[in-house]
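>
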Amino acid sequence: MSEGIPLTDQDRFPWLLAIHNYMKGLSNEGKSGVVTCSALKKLYRDILVNGQAPVPQKEPPQVVPMIKDLVFVLLHGDREILEERMNQRVGHFMPSSLLTSQLATLEVPTEEEKCVQVDVKNSPDSLVDQIIDKIKTLY
């Protein structure tokens, strides 16, 4: 990504599984946490919840969610705002030139996925407050 080349699904699977394992460890210890990543596809979010990357099989495996209290947060906004914010980041590995591929890859979470959505037009502090308020309504 730092070279302006989007990652493939195969590139993403190992770190998605690593994130799942980290979150599962927190869950097993009765702890909570916040992890950020661009889980743009439902497949990626499923890996985060279930801890299984797709493997060619004759029959699909029975999958039981391993992390039941996982909530996704979708930060959405106008392309112009997203690009402006990306350009303001100093030293970030992902250039704003990848925004087009990121938006093309995005599969907006469905109602079945536990997800809160907030518009990035507001300040970061306001976004945090909105996210916390929306998550509280889920429990």
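Residue numbering for the sequence shown follows this note's numbering, starting at -4 and increasing by one per position. The beta-carbon is built from N, C-alpha and C at its ideal position, and this holds for glycine as well. Remember, it's a predicted structure, so these values are computed and weren't measured experimentally.
Evaluate Arg74 with the Cβ neighbour count: other Cβ atoms within 10 Å of its Cβ, from every protein chain shown; 16 or more gives buried, anything less gives exposed.
Indexing the sequence shown from 1 puts residue 74 at position 79. When all chains shown are included, Arg74 counts as exposed.
> For Asp41, does the count of other Cβ atoms within 10 angstroms reach 16, so buried, or fall short, so exposed?
Along the sequence shown, one-based indexing puts residue 41 at 46. Buried, because 16 or more other Cβ atoms sit within 10 Å of the Cβ of Asp41.
> Give the straight-line distance between the Cα atoms of Met81 and Asp124, rounded to the nearest whole angstrom.
By 1-based counting over the sequence shown, the position of residue 81 is 86. By 1-based counting over the sequence shown, the position of residue 124 is 129. Whole-angstrom Cα-Cα distance: 22 Å.
> CB-CB under 8 Å to Leu122, same chain, minus the five flanking residues each way: which ones, in chain order?
Position 127 of the sequence shown, counted from the first residue, corresponds to residue 122. Hits under 8 Å: Leu70, Val113, Val115.
> To the nearest whole angstrom, what separates the beta carbons of Glu108 and Leu94, a pair I think is in contact under 8 Å?
Numbered from 1 along the sequence shown, position 113 holds the residue referred to as residue 108. Numbered from 1 along the sequence shown, position 99 holds the residue referred to as residue 94. Incorrect: roughly 23 Å between the Cβ atoms, too far for contact.
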